[in-house]
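Student:
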Amino acid sequence: MLKGIPSFLKRPGDSIRQLLKSERQQQSEKHELRIVSRDEHPISRSGISESALKVLYRLKKANYDAFLVGGCVRDALLGLHPKDFDVATNATPEQVDRLFHNARIIGRRFRIVHVRYGREIIEVTTFRAPHDTGTAKSHASQTDQGLLVRDNVFGSIEEDAIRRDFTINALYYNIRDFSIHDYAGGINDIEQRLIRMIGDPETRYREDPVRMLRAIRFAAKLDFNIEAKTEAPIRASATLLRQIPAARLFEEVLKLFLSGQAVETFRLLREYNLFEQLFPYTEDALQETPDKESFIIKALHNTDKRIQQNKPVTPAFLFAALLWPVAQRAFGDLIRSGMPPVPAMQQAGQQTTAAQVDFTSIPKRFSQPMREIWEFQLRLERRQGKRAYQTAEHPRFRAAYDFLVLRSETGENVHELAQWWTDFQESDSHSRRNLVQHNELHDKQAPKKRRRRRRSNSKDSHPKSGNRNNPE
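Numbered as in the numbering used here, the sequence shown ends at 481 without a single skipped number.
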């Protein structure tokens, strides 16, 4: 139970001062504005980023309205520690930009201001109003399918609240008196642990299909349920994600799987037919060989564990795990066609990456090490002489070894190889020499496969071509 919430839920504040004019807003449920005073909620300035406070106070000093908004307010009410702090204001992007020398206006579809303090970025947005048919196309426009391609109609805080996606994100912390303004019943939904869309869910998903992914992410992260009306259109609307640029979906995938609840997120994405929109070839491989799912779940479980321990997680390893069933299937097909293992793995990696980038782009700084992790699986099999020592010192070794262990733990026939490398890392120099020598002895005793000599098609090797050493 959240501190203070039962008391202020019983005290509704003043009603919303302005009727919203758009058709969608007229159809949506109306909520009374609830203003929660400082002594009735648990949020303290000591838990707010110093950079965010600087932005809020400078806007206030310039006589603009300034609020913390969205996830940071929601998480603070839940007793979580917000990582990102977003600010909403009635100042336009140009006005905000003039106030801060460290500010930069970004975006075209949705213009916002980034105020940078070292590595921390405070995102400042101007209050938005819902678009309507009378809005100039230079400020807002949609495709024939309803997708918003431009959304820069500014309005009041009341309009901004109703325009947000979920009720639990329409909460505003006022820097003037430290109160919380709730315009959409978000506090009640936090109490009920519900993800509820503001407005008609089907229409809102058409406007921005990424909202479906956000619903899944919040449900997994907060352990909330998705409200029935909000949930109903998701499966049928899943294909709308194909309208979203692959670069944006890459960023959404990172948010989905690097929030500490990757296993539950994966389960929900598959349940609502969203995973196949992001990773269609992986979904095909899992349908064909369901046992491969255990590898992905184990990798995601380890990812969650590392995040909980504040250890770094690289997107290269995440994508290597999510796409491994695809690369493995391509590798098998190439081997059966007669291609040697090393070039087969290289080509399988290239094919897998090329196919995936149509759905979620993978920047080269991640796709290259991802393929190296796969290719290193073959390199780990070669442990003779100095090669074992050289392999262990390679910068990609640790990631490739962890990947090998995951394969071993989920049923692939590499247990002996994974154990050998585990022993090698844990041994002293003398024991390492013994391991390498034992492996070399084993290789000598093993029966060698006789390699078939390939027949050359050159004229020099043809029986009728005569002596190839003959200059004539």
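All C-beta atoms, glycine included, are put in the ideal place defined by N, C-alpha and C.
1) For the candidate residues F433, Q446, A294, I225, whose alpha-carbon lies nearest to that of Q337?
2) Taking F304 as the reference, give the member of F284, L332, Q270 with the closest Cα.
3) Which class does A325 belong to by DSSP, given the choice of helix, strand or coil?
4) Taking the beta carbon of H40 as the centre, do at least 16 other beta carbons fall within 10 Å, making it buried, or is it exposed?
5) What distance in whole Å lies between the Cβ atoms of H190 and I44, which are believed to be in contact at a cut-off of 8 angstroms?
6) State whether the stretch 275 to 284 contacts the stretch 210 to 230, with contact taken as three or more CB pairs (one from each stretch) at a distance under 8 angstroms.
7) Which residues in the same chain as R392 place their Cβ atom closer than 6 angstroms to its Cβ, once the five residues preceding and following it in sequence are excluded?
8) Just to check my reading of the structure: T400 and L413 have Cβ atoms closer than 8 angstroms, yes? What is that Cβ distance to the nearest angstrom?
9) Who are the Cβ neighbours of R113 in its own chain at under 6 angstroms, not counting the five residues just before and after it?
10) Is it true that the stretch 236 to 248 meets the stretch 205 to 215, where meeting means three or more beta-carbon pairs spaced less than 8 angstroms apart?
11) Among I316, A255, C81, which has the Cα closest to the Cα of T362?
12) For A145, which residues from the same chain have a beta carbon less than 8 angstroms from its beta carbon, with the 5 sequence-adjacent residues on both sides left out?
13) Buried or exposed, going by whether 16 or more other CB atoms sit within 10 Å of the CB of N183?
14) Alpha carbons only, please: which of A308, G127, R276 is nearest the one belonging to D415?
15) For Y2, count neighbouring C-beta atoms within 10 Å of its own C-beta (all shown protein chains included) and say buried if the count is 16 or more, exposed if not.
16) Give me the Cα-Cα distance between Y410 and Q359, rounded to the nearest whole angstrom.
17) Give the straight-line distance between the Cα atoms of S147 and G164, rounded to the nearest whole angstrom.
18) Under 8 angstroms between the Cβ atoms of E2 and Q355?
19) Can you have a look at E167 and say buried or exposed, based on whether 16 or more other CB atoms are within 10 angstroms of its CB?
20) Rounding to the nearest angstrom, what Cα-Cα distance links T298 and E425 in this structure?
21) In chain order, what residues of the same chain have a beta carbon less than 8 angstroms from the beta carbon of N9, not counting five sequence neighbours either side?
22) Just the Cα atoms here: how many angstroms apart are R117 and S268?
23) Please report the distance separating the alpha-carbon of N197 from that of T274.
24) Might you give, ordered along the chain, the residues of its own chain that have their beta carbon closer than 7 angstroms to the beta carbon of T133, omitting 5 neighbours on each side?
25) Looking only at its own chain, which residues have a Cβ that is under 8 angstroms from the Cβ of N476, when we skip the five neighbours before and after it?
26) Leaving out five residues before and five after A179 in sequence, what residues of the same chain have Cβ atoms less than 7 angstroms from its Cβ?
27) Going by beta-carbon coordinates alone, are F187 and F288 separated by less than 8 angstroms?
Tutor: In this structure, then:
1) A294
2) L332
3) DSSP places A325 in the helix class (H, G or I) of the three-state scheme.
4) buried
5) 6 angstroms
6) Taking a cut-off of 8 angstroms for Cβ pairs, the stretch 275 to 284 and the stretch 210 to 230 touch, as three or more such pairs fall below it.
7) Within the same chain, R392 has close Cβ partners N448.
8) Their Cβ separation, rounded to whole angstroms, is 12 angstroms, which puts T400 and L413 out of contact at 8 angstroms.
9) H123
10) yes
11) If we check each option's Cα against that of T362, A255 comes out closest.
12) Residue placement at A145 is flagged as unreliable, the pLDDT there being 45, under the threshold of 50; a coordinate-derived value is accordingly withheld.
13) buried
14) In the sequence under discussion, the amino acid at residue 415 is Leu, which differs from the Asp named in the question. Taking only the C-alpha atoms, the option nearest L415 is A308.
15) Past the boundaries of the shown model lies residue 2; the chain is included only from 10 to 481, so the question cannot be answered.
16) 21 angstroms
17) Bear in mind that the predicted position of S147 carries a pLDDT of just 43, short of 50, making it unreliable; the figure below should be weighed with that in mind. Their backbone Cα atoms lie some 16 angstroms apart in a straight line.
18) Given a span of 10 to 481 for the chain in the structure shown, any question on residue 2 remains unanswerable.
19) buried
20) 23 angstroms
21) This structure leaves residue 9 out entirely; the chain is present only between 10 and 481.
22) Approximately 27 angstroms, taken between the alpha carbons.
23) Distance between N197 and T274, taken at the CA atoms: about 24 angstroms.
24) Before going further, note that residue 133 is Val rather than Thr in the sequence given. Result list for V133: V64, V96, T98, V105, I121, V122, V124, in chain order.
25) With a pLDDT of 41 at N476, under the threshold of 50, the modelled position of this residue cannot be trusted, and the question is left open.
26) A170, R173, Y192, A193, G195, I207
27) no
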